[in-house]
Amino acid sequence: MTSAVGYETRYQTFKKAMDDKLPGQTFADIATPIAKQLRMNMASLYNAKYKGRYDKEKKNA
Numbered sequence: 932m933t934s935a936v937g938y939e940t941r942y943q944t945f946k947k948a949m950d951d952k953l954p955g956q957t958f959a960d961i962a963t964p965i966a967k968q969l970r971m972n973m974a975s976l977y978n979a980k981y982k983g984r985y986d987k988e989k990k991n992a
């Protein structure tokens, strides 16, 4: 599954950022950009897989 590679990469990025964080940085400062990127990736995967099906259902309704 290709999306699993993305998760592993993001986890490694997050782990490195947490290990190298500055004293003033909070968990949210580090996690929020990574979470946004992951949500965007999940949304694009979802749209690529299901969007056509829902468009067809709307036309038939």
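With our numbering applied, the sequence shown covers 932 to 992.
Cβ coordinates follow ideal geometry from the N, Cα and C atoms, glycine included.
Note that the structure is a prediction, hence the values are computed from the model and not measured.
Please state whether the Cβ-Cβ distance between residue i and residue j is less than 8 Å.
| i | j | result |
| --- | --- | --- |
| ILE965 | LYS952 | no |
| LEU976 | ARG941 | no |
Spatial neighbours of residue i within its chain, please: C-beta separation below 8 Å, excluding the five flanking residues on both sides.
| i | result |
| --- | --- |
| THR933 | In this predicted model, THR933 has a pLDDT of only 47, less than 50, meaning its place in the structure is not dependable; the value taken from the coordinates is given anyway. So no residue of the chain qualifies. |
| ALA948 | ILE961 and ILE965 |
Can you list, in chain order, the residues of its chain whose CB lies under 6 Å from that of residue i, leaving out five sequence neighbours each side?
| i | result |
| --- | --- |
| GLU939 | none |
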